[in-house]
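To keep things clear, I will list the structure first and then write my remarks on it.
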Amino acid sequence: MPAQPATDRIAQLLAGLNPPQREAVTHPSGPLLVLAGAGSGKTRVLTHRVAYLVHTGGARTGEILAITFTNKAAQEMRERVELLLGHSTRGMWVMTFHSACARILRSEAPRLGYTRQFTIYDQADARRLVKRCLDELGVDPKRFAPAAIHHQISDAKNKLRDAAAYRELVGSYFEQTVADAFELYERDLHRMNAMDFDDLLVRTVNVLELFPEVRARYGAAFRHVLVDEYQDTNHAQYRLLQLLVVGTPGRPSPRNLMTVGDDGQAIYGFRGADIRNILHFQEDFPDATVVRLEQNYRSTQTILSAANAVLAHNRGQMAKHLWTELGEGDAIRVRELDDEYAEARYVVGEIERMVDEGTGRSEIAVFYRTNAQSRVLEDTLVRREIGYQVIGGTKFYERAEIKDAMAYLTVLANPQDVVSFTRIVNSPKRGIGQTSLSRVLAHADTMGIPVWEAAAGAAGVPGLGTAAVRALERFMATMTSLRERVRQSVPVGDLLDAVLDESGYRDWLEAERTIEAQGRLENLEQLVEAAREFDAGAEADQDTLDVFLQQTALVAEADDRRDDEGLVTLMTLHNAKGLEYPVVFIIGAEEGVFPHSRSIDEGSLEEERRLCYVGITRAMRDLTFTYARRRNIFGAAGYTLPSRFLAELPPDLVDREGASVGGFGAGGAAWGTTGTATRPRAVTSWAAAQARDAPSADFRLGDDVVHAAFGDGVVTGVEPGGIVVVRFAGDGSERKLMAEYAPITKR
DNA sequence: CGTAAATGTTTTTTT
DNA sequence: AACATTTACG
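First residue of the first sequence? That's 46 in my numbering, and the numbers climb one at a time after it.
And the structure:
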């Protein structure tokens with residue numbers, strides 16, 4: 046393309062934008078909030094604004110920080126901006142919050158007592174560490190699940206509360222335990238030179254708050270900050286933006302913050318997202334310009350009206366007037382099936398029919414609430430030989446062999462990392478069991494030295510058997526030799542290859558001679574390949590291993606979504622946000638499944654409803670809901686009720702052939718055909734519906750019960766989800782039990 | 001110390 | 001039903 050005068054390029058950039066889009070793109074300066082309804086072209090506005098800023102000289106590429114929620118979105122944004130600009134976006138920060146923070150911390154973390162080689166722990170690593178802390182405290186992991194404790198800690202961190210601040214708010218024994226674990230956990234993380242996902246945000250905020258010169262530097266560097274999916278930001282992210290944008294007393298910054306979002310699509314509250322960030326933007330920035338994008342370019346009016354009608358059942362959403370020029374379109378189908386197998390057969394049958402009629406497979410998507418639901422569907426698709434892809438689910442980097450390989454590299458980069466060391470020391474088996482490992486760890490702890498050093502001096506570890514000492518010495522000889530190559534800056538791909546050979550990991554898998562091991566070997570080769578690609582693209586600096594590790598820790602999936610290959614796409618509703626498909630199926634529309642029983646229990650129904658809104662608005666022209674009358678969970682079959690969201694769809698927009706008329710609450714037909722003698726009382730969740738089939742589970746307040754292990758007790762509460770609360774006479778403890786599974790009987 | 005059996009727990013959603 | 005973790009045994 047020949048170079049054009051800037052004015053032409055700008056005119057071209059703005060052609061094809063509607064008036065509010067254009068207003069947002071050309072906004073001169075200062076805070077800007079874009080309220081962008083589903084399908085209203087928000088990515089378009091973001092990318093065009095970035096290009097506009099560069100073209101008009103409002104910012105150089107290096108002065109722009111564009112933050113997205115997922116890596117996928119970041120990559121897509123970068124590509125689209127490059128297309129608009131006609132050149133590379135090198136130097137522009139287009140990435141997720143976590144990536145941006147990791148990058149800042151790679152240079153600034155030493156100010157907080159970390160080295161540049163700090164390890165990033167994912168959820169699983171963090172949970173393992175929490176469990177270790179609980180062990181150290183002598184807490185029974187059955188009483189308090191490490192996952193629950195970690196969730197509390199994570200929640201606190203997202204609110205920028207440290208362990209001390211958390212302790213001040215303690216109000217129960219559970220929270221007391223969390224506070225204890227929190228302190229140990231933070232101490233261990235810092236000692237091990239490691240950060241969890243939340244730390245990336247928190248520590249960046251810490252650096253910016255503690256060091257005004259750092260804040261001034263980054264504040265000046267990013268003249269324009271653009272944030273996508275603003276409704277999903279948490280408090281730490283909010284604070285981070287304030288620090289970057291508001292500037293320092295002596296040096297006010299241009300406050301060029303553009304946030305784009307839709308309060309109707311806030312679906313990450315469970316992860317600490319605070320919807321108030323978007324609701325209060327105009328209070329934070331009273332001079333903010335607000336632009337509403339209300340024309341939808343994606344869906345038929347029927348689909349939009351249905352989405353609006355569902356969302357209208359929430360209180361306090363911002364008003365929306367989405368409209369479209371795409372016409373009425375077909376009714377939304379709702380179908381009732383016998384069970385999840387019939388449901389899968391129906392969906393796959395419809396897919397076959399549509400494909401026969403000329404629809405491309407890549408135009409079709411199936412959404413579900415939980416990953417586990419993909420399984421039956423996948424079986425059916427395989428049997429009918431329909432190509433499909435599953436987005437999300439078990440991630441490449443969460444596979445055991447990949448985590449092992451990464452742990453080897455991590456230990457080589459960060460010799461203090463106990464979690465990674467523990468992971469690899471006896472994998473493959475080299476005769477270093479739990480007992481020997483504990484001795485090494487304890488020794489490192491008492492001496493206050495890194496694990497690596499303790500292991501390297503195995504002979505000096507008290508209580509270690511000669512066999513264990515020898516095994517450790519062999520292991521550490523290998524590791525030391527590998528570490529030497531790190532020092533020489535051997536490319537990561539070569540290093541990883543050497544790790545797999547010299548650790549004996551490859552031989553170990555090859556010796557297994559199973560199909561599964563073969564698959565694992567292939568995954569590892571794929572990882573080596575990814576490392577070599579990284580080497581090829583890496584700049585010739587010395588920190589390649591650290592960069593590789595920190596970058597990889599933040600990338601969930603290696604295999605990307607493919608649009609062009611004629612594959613039907615399967616994913617969770619959460620994963621569907623930001624995407625669109627001509628044909629959409631939403632399966633498992635049942636109380637307890639969607640809305641999920643836990644949401645019902647925890648009172649986060651409005652968020653579930655927004656999730657439903659997100660799902661509906663992904664569809665361009667064809668939308669089908671299905672639900673099953675009977676569904677298996679934990680093995681046993683249970684009966685279900687149609688999702689309340691189905692009842693919220695305006696009847697005149699819906700085609701309910703084969704489905705019970707009236708939806709939720711009119712499930713009598715479904716129940717009647719099962720031959721069940723008693724009509725069920727109103728059930729609020731799936732588990733409760735299922736509990737109906739087990740008469741023994743019918744506990745009432747005040748019932749005297751006997752538990753196989755805890756002895757006599759009395760029922761002090763009955764909760765939705767088939768949970769009974771029992772206070773036991775033996776130790777006075779109060780426990781929540783699953784009525785159906787717990788070994789309790791009425792007296 | 002490692003393997004195999006037994007036991008108990010689990011399912012939201014994700015950077 | 002599937003999985004992880006704990007326990008028993010060689």
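Glycine included, each C-beta is placed from N, C-alpha and C at the ideal position.
Contact under 8 Å by Cβ, residue i with residue j
i	j	result
residue 386	residue 421	yes
residue 392	residue 631	no
residue 158	residue 332	no
residue 254	residue 302	no
residue 628	residue 399	yes
residue 363	residue 329	no
residue 384	residue 701	no
residue 356	residue 658	yes
residue 87	residue 305	yes
residue 527	residue 498	no
residue 127	residue 267	no
residue 617	residue 313	no
residue 116	residue 456	no
residue 123	residue 595	no
residue 512	residue 549	no
residue 406	residue 438	no
residue 611	residue 685	no
residue 671	residue 426	no
Buried/exposed call for residue i, threshold 16 Cβ in 10 Å
i	result
residue 53	exposed
residue 368	exposed
residue 644	buried
residue 18	Only positions 46 to 792 of the chain appear in this structure, which leaves residue 18 out of reach.
residue 679	exposed
residue 415	exposed
residue 218	exposed
residue 118	buried
residue 365	buried
residue 64	exposed
residue 250	buried
residue 474	exposed
residue 199	buried
Residue i: first and last residue of the uninterrupted alpha helix (DSSP H) it sits in
i	result
residue 375	Segment: none, residue 375 is in no alpha helix (DSSP H) and carries neither H nor E.
residue 125	116-130
residue 683	Careful: residue 683 lies outside any alpha helix (DSSP H), inside the beta strand (DSSP E) at 681-684.
residue 627	Careful: residue 627 lies outside any alpha helix (DSSP H), inside the beta strand (DSSP E) at 626-631.
residue 480	479-492
residue 306	Premise fails: residue 306 lies in the beta strand (DSSP E), 302-306, not in any alpha helix (DSSP H).
Residues near residue i by beta carbon distance below 6 Å, same chain, minus five either side
i	result
residue 57	none
residue 223	194 and 197
residue 292	264 and 298
residue 83	662
residue 597	none
residue 713	Note that residue 713 scores 30 on pLDDT, short of 50, meaning its location in the model is unreliable; the coordinates nonetheless yield the value given after this. Around residue 713: no qualifying Cβ.
residue 137	106 and 109
residue 323	275, 276, 306 and 308
Cut-off 7 Å between Cβ atoms - residues of its own chain near residue i, not counting five sequence neighbours on either side
i	result
residue 61	none
residue 698	347, 350, 351, 376 and 377
residue 500	485, 517 and 521
residue 717	Bear in mind that the predicted position of residue 717 carries a pLDDT of just 24, short of 50, making it unreliable; the figure below should be weighed with that in mind. Nothing listed; no residue qualifies.
8 Å Cβ shell around residue i - same chain, five flanking residues per side excluded
i	result
residue 370	340
residue 327	78, 333 and 335
residue 96	58, 126, 129 and 130
Residue i: first and last residue of the uninterrupted beta strand (DSSP E) it sits in
i	result
residue 315	Residue 315 -> no beta strand (DSSP E), and no H or E assigned at all.
residue 413	409-413
residue 166	164-166
residue 672	664-673
residue 140	138-141
residue 109	109-113
Self-check item: Validate contact between the stretch 307-324 and the stretch 274-288 using beta carbons, cut 8 Å, 3 pairs
Solution: These segments touch.
Quiz item: Does the count of Cβ pairs from the stretch 173-181 and the stretch 454-462 closer than 8 Å reach three?
Solution: no
Quiz item: Counting Cβ pairs closer than 8 Å, one from the stretch 445-455 and one from the stretch 649-666, do we hit at least three?
Solution: no
Quiz item: Can at least three beta-carbon pairs, one atom from the stretch 500-510 and one from the stretch 476-490, be found at a separation below 8 Å?
Solution: yes
Quiz prompt | Segment contact flag, the stretch 572-580 with the stretch 532-552, C-beta cutoff 8 Å, min 3 pairs | solution = yes
Quiz item: On the three-pair Cβ rule with 8 Å, is the stretch 232-251 touching the stretch 128-146?
Solution: Touching, per the Cβ criterion.
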